[in-house]
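Colleague: Position 43 of the sequence shown, counting from 1, maps to 42 under numbering that gives the first Met the number 0, and the rest follow consecutively. Glycine is no exception: its CB is placed at the ideal position from the N, C-alpha and C atoms. Below you will find the structure I want to go over with you.
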Amino acid sequence: MRQRHASTRDGQDPTVNARLVPADQRHAYEQFVGDIFTARGRGMAAILAPVVRSSAPAARQILSAAGIHPASLPRDLDAAQWARLWSKR
């Protein structure tokens, strides 16, 4: 079985999300997740806004639609939350 670094969550592991993200979108999805993990900000609302090139209120709306608390951090999201965020962006 392949080992992952201890801090890597399901959302960052494309093998976990193979069934949640369509194959033709996986490369863009992986880039999106990487951008989120390397972006600056406190909480997903502040982190997401520049990645999706939107305002903070629009980012909070996206997070709300995906069922993600705006103060959560990327490491707190599970695979299903990552997939929902991808689909709502």
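1. Could you tell me the alpha carbon to alpha carbon distance between A148 and R18, rounded to whole angstroms?
2. What residue range does the alpha helix (DSSP H) around A27 cover?
3. Contact criterion: CB-CB distance below 8 angstroms. Does G40 meet it with respect to chain B?
4. What would DSSP say about D75, mapped onto helix, strand or coil?
5. In whole angstroms, what is the alpha-carbon distance linking L47 and D23?
Modeller: Answer, in terms of the structure:
1. The structure shown does not extend to residue 148, since the chain is modelled only from 0 through 88, so no value can be given for it.
2. R25 to T37
3. Going by chain labels, chain B is absent from the structure shown, which holds only one protein chain.
4. helix
5. 22 angstroms
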